[in-house]
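Participant:
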Amino acid sequence: WTGALCRQWQKNDKEMKKIYSVLMLLAMLSASMAFSSCNKEDNDTPEDAYAYLHRSFTGKLICQDESRTDSVVMDTLDASWSINASNKLTIAHVPLVKMLVGVDNAELIEAANAMATQTLAADVSVVHVTPIVFSVLPQALTVAVRFGGSDHLLRITFASGSNLSWGSYSVNDQSMVINIMETGVYLDGSTTNLLPERKPLLWSTEQKVHPVM
461 WTGALCRQWQ KNDKEMKKIY SVLMLLAMLS ASMAFSSCNK EDNDTPEDAY AYLHRSFTGK
521 LICQDESRTD SVVMDTLDAS WSINASNKLT IAHVPLVKML VGVDNAELIE AANAMATQTL
581 AADVSVVHVT PIVFSVLPQA LTVAVRFGGS DHLLRITFAS GSNLSWGSYS VNDQSMVINI
641 METGVYLDGS TTNLLPERKP LLWSTEQKVH PVM
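Numbering (my numbering), first residue to last: 461 to 673.
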């Protein structure tokens with residue numbers, strides 16, 4: 461019995477690493493496309509770059525599909541976000557359950573699935589002007605969730621810095637990619653991280669993105 465349990469754990473661990481690898485590959489491919497493109501205008505200052513970013517965008521959220529555990533399946537959802545003149549990024553209509561994929565708490569998942577979508581907030585800072593690349597410093601998301609007959613405080617954390625949470629913008633086709641690395645899921649002030657592995661959430665204006673089977 462113990463041997464069977466160990467084998468199942470190893471199988472699940474390998475599956476999570478496979479899913480994480482695919483997500484990271486997708487993010488890196490998007491980044492490489494942004495870096496390889498040439499902007500049609502030579503932006504000499506960060507202020508020029510910020511001017512392109514200060515508007516609203518629509519596109520897709522690309523994330524792991526929580527309904528499948530037997531293979532790597534990606535989900536694409538309609539998304540919108542904006543960056544204001546203070547360089548504040550606001551990402552609207554993010555399903556809470558999409559940030560809990562892999563968390564082993566059925567009651568929490570069920571409650572999150574029934575809740576309204578959430579809004580993520582972050583600061584952005586241009587780190588490269590041509591092409592435009594910016595770091596993203598996300599704020600932790602704190603939300604009350606009721607399950608098991610009582611209220612619970614859920615806290616979701618994200619990585620900051622251009623190597624983990626970043627974005628890119630192409631002046632040529634006015635396309636944007638934002639990658640935010642989720643690092644932790646915590647309940648009621650506990651220091652126990654319920655997220656098995658950190659995972660990227662990817663937003664893209666590119667409408668040709670399809671689920672990865």
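Where a beta carbon is used, it is the ideal one built from N, C-alpha and C, also for glycine.
Rounded C-beta distance between Pro598 and Ile640? I'm assuming under 8 Å.
Facilitator: So it is a contact: roughly 5 Å between Cβ atoms.
Participant: Between the C-alpha atoms of Met493 and Leu521, what's the straight-line distance to the nearest angstrom?
Facilitator: For Met493, the predicted model reports a pLDDT of 47, less than 50, meaning its position is unreliable and no value from the coordinates is stated.
Participant: Just verifying my parser: in three-state terms, what is the DSSP assignment at Glu507?
Facilitator: Helix at Glu507.
Participant: Using the three-state DSSP reduction, which class does Ala581 fall into: helix, strand or coil?
Facilitator: Here Ala581 sits in strand by DSSP.
Participant: Helix, strand or coil for Glu570, going by three-state DSSP, please let me know.
Facilitator: Helix, per DSSP.
Participant: In chain order, which continuous runs of the alpha helix (DSSP H) of length 4 or greater are located wholly inside the region 514-556?
Facilitator: With a minimum length of 4 residues, no continuous alpha helix (DSSP H) run stays inside the region 514-556.
Participant: Within this structure, are the beta carbons of Leu647 and Leu654 separated by less than 8 Å?
Facilitator: Closer than 8 Å, so yes.
Participant: Going by the CB atoms, is the gap between Val586 and Leu549 shorter than 8 Å?
Facilitator: No, the Cβ-Cβ distance between Leu549 and Val586 is not below 8 Å.
Participant: In angstroms, rounded to a whole number, what distance separates the CA positions of Gln524 and Thr536?
Facilitator: Taking the straight line joining both Cα atoms gives about 9 Å.
Participant: Taking the alpha-carbon positions, what's the Arg658 to Gly644 distance?
Facilitator: Distance between the alpha carbons of Arg658 and Gly644: 7 Å.
Participant: Output the distance between the C-alpha atoms of Trp469 and Asn565, rounded to the nearest integer angstrom.
Facilitator: Note that Trp469 scores a pLDDT of 39, beneath 50, so its modelled location is shaky and nothing firm can be said.
Participant: Assuming the contact rule is C-beta atoms closer than 8 Å, Leu613 and Ala600 should be a hit. Round their C-beta distance to whole Å, please.
Facilitator: With 8 Å as the limit, Leu613 and Ala600 do not qualify as a contact, their Cβ atoms being about 12 Å apart.
Participant: Val561 lies in the beta strand (DSSP E); which residues open and close that run?
Facilitator: Where Val561 is concerned, there is no enclosing beta strand (DSSP E), given that its DSSP letter is neither H nor E.
Participant: Whether or not the region 606-621 and the region 629-637 are in contact is what I'm after, with contact meaning three or more pairs of Cβ atoms, one per stretch, closer than 8 Å; do they touch?
Facilitator: At 8 Å Cβ cutoff, the stretches do not touch.
Participant: Name the DSSP bridge partner or partners of Pro598?
Facilitator: Ala582, per the DSSP bridge assignment.
Participant: Can the beta-carbon of Leu580 be found less than 8 Å from the beta-carbon of Ile551?
Facilitator: Contact flag set, yes.
Participant: For Lys500, I'd like the list of residues in its chain whose CB is within less than 8 Å of its CB, leaving aside the five on either flank, ordered along the chain.
Facilitator: Since pLDDT at Lys500 reaches only 47, below the 50 mark, its modelled position is unreliable, and the value read off the structure follows with that caveat. Taken in chain order, the residues that qualify are Val631, Asn632.
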